[in-house]
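Asker: In the numbering used here, the protein residues as written are 383 to 803. The structure is given below, and queries will be raised subsequently.
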Ligand SMILES: Cc1ncc(COP(=O)(O)O)c(C=O)c1O
């Protein structure tokens with residue numbers, strides 16, 4: 383029996399209405415769809431469809447792009463991080479080191495797994511300072527979550543060396559640096575497991591979405607189980623556990639075919655976007671004349687930077703504020719990163735959920751998972767280098783579609799303001 387699909391012309395028209403186009407072409411599409419007598423909507427669940435799954439195709443292509451053996455699509459990077467920590471077996475009483483500067487999700491997902499996020503300082507790369515990471519390791523530390531912040535790679539040689547020495551897993555949060563690399567290896571293929579965001583603001587996006595990447599088949603199996611509620615997707619779904627740790631209760635982070643289709647098209651265009659970002663960055667940098675005392679952010683590997691932004695440090699906070707005001711007046715797309723008075727979930731001083739040990743339930747977890755005296759000494763001053771660098775940092779947004787003229791204007795505005803200061 384062939385039953386009608388619940389999804390038909392109306393749903394397709396709603397989708398099409400999301401795209402901007404001329405009223406004339408919209409009318410033409412509407413007429414074509416109205417004349418179509420056999421329009422059948424898609425099977426939007428990634429499993430069980432009669433056609434090849436877009437999600438599965440996106441996973442395959444993304445795995446090839448990053449250069450890993452296993453890739454799992456999920457509905458966000460937040461989900462990817464939880465699935466990664468859960469796949470690693472991280473739970474109550476464990477500690478995970480996270481940077482003081484990252485979107486809060488890197489820390490909140492540790493706590494959502496009932497584990498303790500331990501903030502470590504960042505250095506002039508604005509990524510984890512390896513020396514501080516080593517200082518924060520305790521007998522409870524299970525993993526280091528390195529974040530490739532603002533488009534640029536973290537210091538992977540040093541982080542991997544520390545992880546090997548202390549037998550820790552490395553979770554790469556690549557939400558902000560998809561397509562970046564470190565010493566010739568793609569980010570997300572270096573650590574134990576990689577987590578990507580495809581939310582609207584990222585280098586590649588499908589509205590909301592994410593990917594988990596790993597070379598470890600067992601971690602992939604466990605992440606896949608976690609992402610699908612109850613170890614559903616195994617070679618034999620209802621079979622007994624093949625190995626202890628295969629069956630457990632999970633959640634639902636599945637990506638739908640709608641997101642999968644958009645993600646697939648985006649992955650195919652990745653090189654075009656990355657080339658655009660890098661060309662724009664190089665054009666601006668090529669024309670930029672930084673006066674003495676103003677330093678560009680140090681890049682752990684300049685070759686691997688995605689080109690998403692250009693960051694430099696002013697000599698002091700007062701001049702940072704003056705420069706920002708003047709750059710705004712010049713129409714330069716510049717922004718500050720840290721101002722104690724302005725709330726921003728990317729800087730640990732604003733993570734009151736962690737600093738004040740907030741809990742979702744009466745059990746007080748994750749903070750009650752270790753003896754109180756053994757909790758990290760959370761304070762707003764625990765990572766002073768992050769605050770120093772971030773309060774003097776100015777970031778210039780780079781767009782992949784800037785023209786040569788746009789770049790010239792931005793560099794001219796920067797040169798004018800910085801010289802005058
Ligand atoms: C560094 C970092 N990690 C994780 C996330 C969470 O990503 P998502 O919005 O896909 O959950 C973000 C998003 O802004 C991010 O910037």
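Glycine included, each C-beta is placed from N, C-alpha and C at the ideal position.
Taking a contact to mean a Cβ-Cβ separation below 9 Å, would you say residue 550 touches residue 525 in this structure?
Answerer: Yes. Within cutoff.
Asker: Consult DSSP for residue 570 and reduce its assignment to one of helix, strand or coil.
Answerer: In the structure shown, residue 570 sits in coil (DSSP, three-state: anything other than H, G, I, E or B).
Asker: According to DSSP, simplified to helix, strand and coil, what is residue 582?
Answerer: In this structure, residue 582 counts as coil in the three-state DSSP scheme.
Asker: Can you tell me where the alpha helix (DSSP H) holding residue 500 begins and where it ends?
Answerer: Careful: residue 500 lies outside any alpha helix (DSSP H), inside the beta strand (DSSP E) at 498-502.
Asker: Let's see if you can read the secondary structure: which residues bound the alpha helix (DSSP H) around residue 559?
Answerer: No alpha helix (DSSP H) contains residue 559, which DSSP labels as neither H nor E.
Asker: Identify the residues that DSSP records as bridge partners of residue 453: which are they?
Answerer: Answer by DSSP bridge pairing, in chain order: 595.
Asker: Among 779, 766, 461, whose alpha-carbon lies nearest the alpha-carbon of residue 660?
Answerer: The shortest Cα separation from residue 660 among 779, 766, 461 belongs to 779.
Asker: Give the range of the alpha helix (DSSP H) segment to which residue 633 is assigned.
Answerer: Here residue 633 belongs to no alpha helix (DSSP H), and DSSP marks it neither H nor E.
Asker: If you check the beta carbons only, do residue 601 and residue 466 fall under 9 Å apart?
Answerer: Yes, Cβ-Cβ distance for residue 601 and residue 466 is below 9 Å.
Asker: If distances are taken between C-alpha atoms only, which option among 401, 460, 718, 455 comes closest to residue 641?
Answerer: Per the Cα distances, 455.
Asker: Run the proximity test for residue 577: is its beta-carbon closer than 8 Å to any non-hydrogen atom belonging to ligand 1?
Answerer: Yes - ligand 1 has a heavy atom lying nearer than 8 Å to the Cβ of residue 577.
Asker: My understanding is that residue 584 touches residue 557, with C-beta atoms under 8 Å, so please give their C-beta distance in whole angstroms.
Answerer: The Cβ separation is near 6 Å, so the contact holds.
Asker: With 16 other CB atoms within 10 Å as the buried threshold, where does residue 412 fall?
Answerer: Result: exposed.
Asker: Can you tell me whether residue 785 is buried or exposed? The criterion is at least 16 other CB atoms within 10 Å of its CB, across all chains shown.
Answerer: Label assigned to residue 785: exposed.
Asker: Note down, in chain order, each residue of its chain lying with its Cβ closer than 6 Å to the Cβ of residue 443, except the 5 sequence neighbours on either side.
Answerer: 649.
Asker: Evaluate the contact criterion for the segment 661-680 versus the segment 558-571: three or more CB pairs, one atom per stretch, below 8 Å.
Answerer: Segments in contact, no.
Asker: Below 8 Å, is the gap between the Cβ of residue 583 and the nearest heavy atom of ligand 1?
Answerer: The answer is yes for residue 583.
Asker: Bridge partners for residue 551 per DSSP, in chain order?
Answerer: 525, per the DSSP bridge assignment.
Asker: For residue 714, tell me which candidate among 729, 692, 571, 700 has the shortest Cα-Cα distance.
Answerer: Of the candidates 729, 692, 571, 700, the one whose C-alpha sits nearest the C-alpha of residue 714 is 692.
Asker: Given that a residue counts as buried once 16 or more other Cβ atoms are within 10 Å of its Cβ, and exposed if not, what is residue 724?
Answerer: Residue 724 is exposed by the Cβ-count criterion.
Asker: Using DSSP's beta-bridge definition, name the partner residues of residue 477.
Answerer: Answer by DSSP bridge pairing, in chain order: 498, 523.
Asker: Let me confirm a value: residue 427 is counted as buried when at least 16 other C-beta atoms fall within 10 Å, else exposed. Which label applies?
Answerer: Looking at its Cβ environment, which holds fewer than 16 other Cβ atoms inside 10 Å, residue 427 is exposed.
Asker: What residue from 473, 480, 394 has the CA that sits closest to residue 728's CA?
Answerer: The shortest Cα separation from residue 728 among 473, 480, 394 belongs to 480.
Asker: First and last residue of the alpha helix (DSSP H) that includes residue 642?
Answerer: Counting along the chain, the alpha helix (DSSP H) containing residue 642 begins and ends at 639-650.
Asker: From residue 795 to residue 686, what does the alpha carbon distance come to, in whole angstroms?
Answerer: So the alpha carbons of these two residues sit roughly 27 Å apart.
Asker: Out of curiosity, what's the CA-to-CA distance linking residue 655 and residue 765?
Answerer: The straight-line gap from Cα to Cα measures roughly 34 Å.
Asker: With 16 other CB atoms within 10 Å as the buried threshold, where does residue 751 fall?
Answerer: It is buried - the Cβ of residue 751 has at least 16 other Cβ atoms within 10 Å.
Asker: Could you tell me whether the Cβ atoms of residue 645 and residue 637 are closer together than 9 Å?
Answerer: In this structure, residue 637 lies closer than 9 Å to residue 645 by Cβ.
Asker: For residue 420, tell me which candidate among 389, 406, 436 has the shortest Cα-Cα distance.
Answerer: Of 389, 406, 436, the residue nearest in Cα terms is 389.
Asker: Does ligand 1 have a heavy atom nearer than 8 Å to the CB of residue 558?
Answerer: Checking the Cβ of residue 558 against ligand 1 gives yes.
Asker: Which runs of the alpha helix (DSSP H) spanning at least 4 residues fall entirely within the segment 692-761, listed in chain order?
Answerer: Qualifying alpha helix (DSSP H) stretches, in chain order: 699-711, 734-737.
Asker: Do three or more CB pairs link the segment 744-764 to the segment 524-540 at distances below 8 Å?
Answerer: No, the segment 744-764 is not in contact with the segment 524-540.
Asker: Rounded to the nearest angstrom, what separates residue 768 and residue 531 at their Cα positions?
Answerer: Rounded to the nearest angstrom, the two C-alpha atoms are 13 Å apart.
Asker: Going by C-alpha to C-alpha distance, which of 513, 777, 468 sits closest to residue 666?
Answerer: Nearest C-alpha to residue 666: 777.
Asker: With 16 other CB atoms within 10 Å as the buried threshold, where does residue 695 fall?
Answerer: When all chains shown are included, residue 695 counts as buried.
Asker: Applying the 10 Å Cβ sphere with the 16-neighbour rule, what's the burial state of residue 774?
Answerer: Answer is buried; the Cβ neighbour count reaches 16.
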